[in-house]
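Top line first, the protein sequences correspond to chains L and E. Okay, so the first sequence: first residue is 18 according to my numbering, each after it adds one. Okay, so the second sequence: first residue is 8 according to my numbering, each after it adds one.
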Amino acid sequence: DVKVTQSSRYLVKRTGEKVFLECVQDMDHENMFWYRQDPGLGLRLIYFSYDVKMKEKGDIPEGYSVSREKKERFSLILESASTNQTSMYLCASSRNTGELFFGEGSRLTVL
Amino acid sequence: AQRVTQPEKLLSVFKGAPVELKCNYSYSGSPELFWYVQYSRQRLQLLLRHISRESIKGFTADLNKGETSFHLKKPFAQEEDSAMYYCAFRGGFQKLVFGTGTRLLVSP
Chain L
18 DVKVTQSSRY
28 LVKRTGEKVF
38 LECVQDMDHE
48 NMFWYRQDPG
58 LGLRLIYFSY
68 DVKMKEKGDI
78 PEGYSVSREK
88 KERFSLILES
98 ASTNQTSMYL
108 CASSRNTGEL
118 FFGEGSRLTV
128 L
Chain E
8 AQRVTQPEKL
18 LSVFKGAPVE
28 LKCNYSYSGS
38 PELFWYVQYS
48 RQRLQLLLRH
58 ISRESIKGFT
68 ADLNKGETSF
78 HLKKPFAQEE
88 DSAMYYCAFR
98 GGFQKLVFGT
108 GTRLLVSP
């Protein structure tokens with residue numbers, strides 16, 4: 018069964034803290050993605066990666082960075098969390114043919 | 008710019024009524040269009056894609072290039088169809104652009 022696992026379902030952090038969100042897929046997919054999901058705004062792409070050590074900015078990369086050292090793992094990093102980064106973060110992976118498989122999401126609250 | 012528009016934030020219907028969730032896109036080339044669905048407390052998942060031209064859970068969607076639309080339809084809504092529906096579009100490379108979503112509520 019296809020599986021994308023996000024390590025943290027719920028996090029509460031303080032403004033200025035560094036935050037790591039981890040995502041692992043077991044399907045040997047080339048592509049991995051980080052989206053944030055906000056009511057009324059839908060899903061917005063933060064970063065994506067089409068290969069190990071490769072990354073591309075999405076539509077809203079400001080305040081975020083990513084790391085993909087291994088094919089199965091894609092990490093999202095908030096260097097200095099801010100309250101406007103309170104959101105649901107969704108990781109996804111895909112082969113080049115296209116269907117995205119999503120994780121369950123990580124709900125981040127920044128106080 | 009590549010964009011997907013879902014004009015309705017909420018669509019409320021009664022069980023057995025027809026449903027149409029609207030999706031329009033802006034792209035001059037040949038797009039790939041998808042509908043994703045998120046049921047309560049479940050992860051987002053693919054419902055259907057236009058190249059498959061199949062019906063999933065009674066839902067169909069036809070790509071209309073002239074109107075740049077990919078509306079999702081079902082003739083008779085069921086309570087279990089209540090969910091958040093996202094239209095998504097791929098115009099190039101591998102990234103998907105999603106719409107803002109439409110919440111479908113089907114009442115008994």
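By construction, the Cβ of each residue, glycine as well, lies at the ideal position given by its N, Cα and C atoms.
Identify the continuous beta strand (DSSP E) that holds E/A84 and give its terminal residues. The residue you call residue 84 of chain E lines up with position 77 of the second sequence. Per DSSP, E/A84 lies in no beta strand (DSSP E) and is assigned neither H nor E.
Considering only the alpha carbon of each residue, which of E/E27, E/M91, E/K22, E/P115 lies closest to E/Q1? Residue 1 of chain E lies beyond the stretch modelled for chain E, which goes from 8 to 115, so this question has no answer here.
Strictly under 8 Å for the Cβ-Cβ distance: is L/E116 near chain E by that measure? Residue numbering aside, residue 116 of chain L sits at position 99 when the first sequence is read from its first letter. Yes, its Cβ sits closer than 8 Å to a Cβ of chain E.
Note down, in chain order, all residues in the region 29-43 of chain E with a beta-carbon under 9 Å from any beta-carbon belonging to chain L. Under the 9 Å Cβ criterion, the region 29-43 of chain E contributes E39, F41, Y43.
Is E/T6 helix, strand or coil by DSSP? The displayed coordinates of chain E run from 8 to 115. Any statement about residue 6 of chain E would go beyond what the structure contains.
contact_flag[the region 39-57 of chain L, the region 112-120 of chain L] where n(CB pairs < 8 Å) is 3 or more: yes
Alpha carbon to alpha carbon, how far is E/E87 from L/L95? Give it in angstroms, no decimals. As a first step, residue 95 of chain L must be located in the first sequence, where it is residue number 78. As a first step, residue 87 of chain E must be located in the second sequence, where it is residue number 80. The straight-line gap from Cα to Cα measures roughly 37 Å.
For E/K64, does the count of other Cβ atoms within 10 angstroms reach 16, so buried, or fall short, so exposed? Taking the second sequence and counting its residues from 1, the one referred to as residue 64 of chain E is at position 57. It is exposed - the Cβ of E/K64 has fewer than 16 other Cβ atoms within 10 Å.
For E/A95, write down the residues that DSSP places opposite it in a beta bridge. The residue you call residue 95 of chain E lines up with position 88 of the second sequence. Answer is E/F41, E/F105.
What would DSSP say about E/Q49, mapped onto helix, strand or coil? Indexing the second sequence from 1 puts residue 49 of chain E at position 42. Coil at E/Q49, not helix or strand.
Keeping to the same chain, check which residues put their C-beta closer than 6 Å to that of L/L28; ignore five residues upstream and five downstream. Translated into positions along the first sequence, residue 28 of chain L becomes position 11. Excluding positions up to five away in sequence, the list reads L125.
Relative to the C-alpha of L/H46, which candidate in L/L128, L/C108, L/G75 has its C-alpha closest? Here residue 46 of chain L corresponds to residue number 29 of the first sequence, with the count starting at 1. Nearest option by C-alpha distance: L/C108.
Chain E contacts made by the region 27-44 of chain L, where a contact means CB separation under 7 Å: none
Taking Cβ to Cβ, would you say L/G75 is nearer than 8 Å to E/G108? Along the first sequence, one-based indexing puts residue 75 of chain L at 58. Along the second sequence, one-based indexing puts residue 108 of chain E at 101. No, they are not a contact pair.
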